[in-house]
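Residue numbers (the numbering used here): 138 to 368. Built from N, CA and C at the ideal position, the CB exists for glycine as well. Okay, so here's the structure we're looking at.
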């Protein structure tokens, strides 16, 4: 059985937080992070059924700040062995991105590209086609809200019409719940909510939105632009 190591962290954040130690909670079955992972994978299973697909019946997936791929890879393997999904996993940390590559090979997934790169830089996506599914897990809680707004606005260029985005955000220690601001921002930019999970006994929140606004002309992602930086 493959063992997935710690989830994603951004190199800019390493100096202030021990992400390796923090993410050990993923291996505790009843931890908030383990429960969040279960919800994300549940929503991805649904999205793999309900997302649009291309003329060949295939789907493209992008996972930003993908870590070792634990959100995505086991679900693709159980879905159909990854035969109808090609995926781009972007992770800045080389150790984690290599773990994702190794896991993809071990699971027999043929269509996985793991790119060691800055997921916040638009140039990282310059050769990528828009995705039918996109995951932004562990991102919005580590960036300022102006970057959250900018990133959600630019997701319109990263997903196809009716494409699905799965995202996470946590409640803060003072009781404030920024996930409601994130939901409002998705609505502002033409996304309709498919589901929202907010357990009363945990801080994590998981949302799933579909891009239902279909502009007459789809804008391309601007080059040499920074969507977000981890804080």
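Reference residue i, options the options, closest by Cα
i, options, result
"residue 179", "321, 208 and 336", "208"
"residue 194", "315, 185 and 260", "185"
"residue 236", "210, 343 and 320", "210"
"residue 311", "296, 367, 340 and 285", "340"
"residue 359", "259, 280, 169 and 233", "259"
"residue 367", "279, 231, 272 and 265", "279"
"residue 337", "172, 324, 252 and 361", "172"
"residue 201", "168, 242, 189 and 296", "296"
"residue 191", "298, 231 and 332", "298"
"residue 321", "282, 162 and 163", "282"
"residue 244", "216, 347, 231 and 264", "216"
"residue 325", "333, 347 and 332", "347"
"residue 266", "196, 232 and 188", "196"
Cβ separation of residue i and residue j, assumed to be a contact under 8 Å, to the nearest whole Å
i, j, result
"residue 301", "residue 345", "6 Å"
"residue 246", "residue 214", "6 Å"
"residue 252", "residue 212", "That belief does not hold up - the Cβ atoms of residue 252 and residue 212 are roughly 19 Å apart, past 8 Å."
"residue 285", "residue 319", "6 Å"
Other residues of its chain near residue i: CB distance less than 6 Å, five sequence neighbours each side excluded
i, result
"residue 349", "329"
"residue 198", "222, 224, 268 and 270"
"residue 254", "227 and 261"
"residue 364", "257, 287, 288 and 291"
"residue 352", "none"
"residue 152", "The predicted position of residue 152 is uncertain, since its pLDDT is 38 and thus under 50; a value taken from the coordinates is nonetheless stated next. For residue 152, where only same-chain residues beyond five positions count, there are no Cβ hits under 6 Å."
"residue 274", "177, 208 and 305"
Contacting residues, own chain, Cβ-Cβ under 7 Å from residue i (five flanking each side not counted)
i, result
"residue 248", "219, 222, 223 and 224"
"residue 165", "171"
"residue 168", "162"
"residue 141", "Here the model assigns residue 141 a pLDDT of 44, short of 50, so the residue's position is not dependable, and the following value carries that caveat. Contacts found: 205, 207 and 240."
"residue 362", "259"
"residue 327", "293, 348, 349 and 350"
"residue 238", "251"
Boundaries of the beta strand (DSSP E) in which residue i is found, first to last residue
i, result
"residue 168", "No beta strand (DSSP E) holds residue 168; DSSP gives it neither H nor E."
"residue 334", "328 to 334"
"residue 341", "341 to 348"
"residue 300", "296 to 307"
Own chain partners of residue i with C-beta closer than 8 Å, once the 5 adjacent residues on each side are dropped
i, result
"residue 314", "308, 335 and 342"
"residue 272", "177, 181, 198, 199, 200, 201, 203, 208, 209, 302, 303 and 304"
"residue 357", "294"
Limits of the unbroken alpha helix (DSSP H) element including residue i
i, result
"residue 192", "No alpha helix (DSSP H) contains residue 192, which DSSP labels as neither H nor E."
"residue 320", "316 to 325"
heavy atom of the ligand MG below 7 Å from residue i C-beta
i, result
"residue 368", "As for the ligand MG, it is missing from this structure, which has no ligand bound."
For the stretch 198 to 285, list the alpha helix (DSSP H) runs that are entirely contained and at least 4 residues long, ordered along the chain.
-> 210 to 217 and 231 to 243
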